[in-house]
Every structure is written in structure tokens, then in C-alpha cells.
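Using our numbering, you'd call the opening residue of the sequence shown number 29 and step up by one each time.
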Amino acid sequence: MARGIERRTPPRRTDARKASTVGHAATAWERISSMLSKGDVSELLEVYTADALYLEPYNPPHRGNLLIQAYLKDWLGGKEDIAVEAKRVIESEDGTDLGVEWTISYTAAGRRWNDLPRASFFAFDDDGRVVYHRDYT
């Protein structure tokens, strides 16, 4: 730590509703990354709301957990030996927002793709389900 600089962690909110969501965002990321690694997004409907919005470069917006699930299922098709690794996970103090820097590796069409960098940003509702997801490649 640089001389003369002190870093302090702000206290977490303690009201019951907020306290119940702290840590949930990171848990949601663990579920999402596990689904991607397995190539199976069947549990996605439990993690995303019915009107969730998914955005990424090069594609139109996807609105709704069913459309997001169909898109990701299609995107994962043909990919094998998938590995997802989180490099940095940053959760907001109140547990309603999450940023993740991560990589994905997989084999597709006989070629291995390693450590492709990604960044994802999420917003969660009061029940801890994803309402907004933006990916960057």
C-alpha cells in the first residue's frame, strides 16, 4: 500500500431485505458460469426474470428468459470441453449489481479456442434474479 494512503471498506447495509441479497449476485454468477461450462442452460429460467434483457456486441437485444435461454443454447451448440474462469468478480454493496471479468475456452469445429476474454455486467431484482445482462467481448 502506498505511504499515507489508507483504504477502508464501507460498512454493509444491515436492513433485512438488503442483507438477504448481499452475496446473491456472486452466487448467480457461479450458477451462470456453471451452466456455460456444462453447455446446459436448462436452469437459466430460474436465474433470469421473464422480462430480463441480454445485450452483447454484434447481435440484437434479447428480451425475456426464454429467448435468452434459446440464444445461449444455440451459441453453445457445437462447442465442447468448455471452461469458464472468473478473473475478477465485483459485487455492489447492496448485492443488486455485479461485474465479472472472465475467460472462456472451448473446442469447436476441431479447433481449440483458449482464454477468450469477456466482461459481463448484471443487475438483479429484489428476489436476486437477473433483470439486465450485458456482455462485452
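No residue lacks a Cβ here, since even glycine has one placed at the ideal position from N, Cα and C.
Any alpha helix (DSSP H) of 4 or more consecutive residues that is wholly inside the segment 61-140: Listed in chain order, they are 72-75, 93-104.
Own chain residues within Cβ distance below 7 Å of Glu231, not counting five before or after: This structure cannot speak to residue 231, because the chain is shown only from 29 to 165.
Beta-carbon contacts of Leu100 that lie in its chain and below 6 Å, excluding the five residues immediately before and after: Same-chain partners within the cutoff: Val69.
Beta-ladder partner(s) of Ala147, from DSSP: By DSSP's assignment, Ala147 forms a beta bridge with Glu129, Tyr164.
Per DSSP, cross-strand counterpart(s) of Val158: Bridge partners of Val158: Tyr76, Phe152.
Residue environment, Trp130, which counts as buried when at least 16 other CB atoms sit within 10 Å: With 16 or more other Cβ atoms within 10 Å, it is buried.
Same chain, Cβ closer than 6 Å to Ala111, neighbours up to 5 away in sequence not counted: Close CB contacts of Ala111 within its chain, under the 6 Å cut and outside five residues either way in sequence, are with Ser133 (chain order).
Cβ-based burial, Ala80 [other Cβ within 10 Å; buried from 16]: Buried, because 16 or more other Cβ atoms sit within 10 Å of the Cβ of Ala80.
Cβ neighbours of Leu83 in the same chain (closer than 6 Å, five flanking residues each side left out): Only Pro89, Arg162 meet the Cβ criterion.
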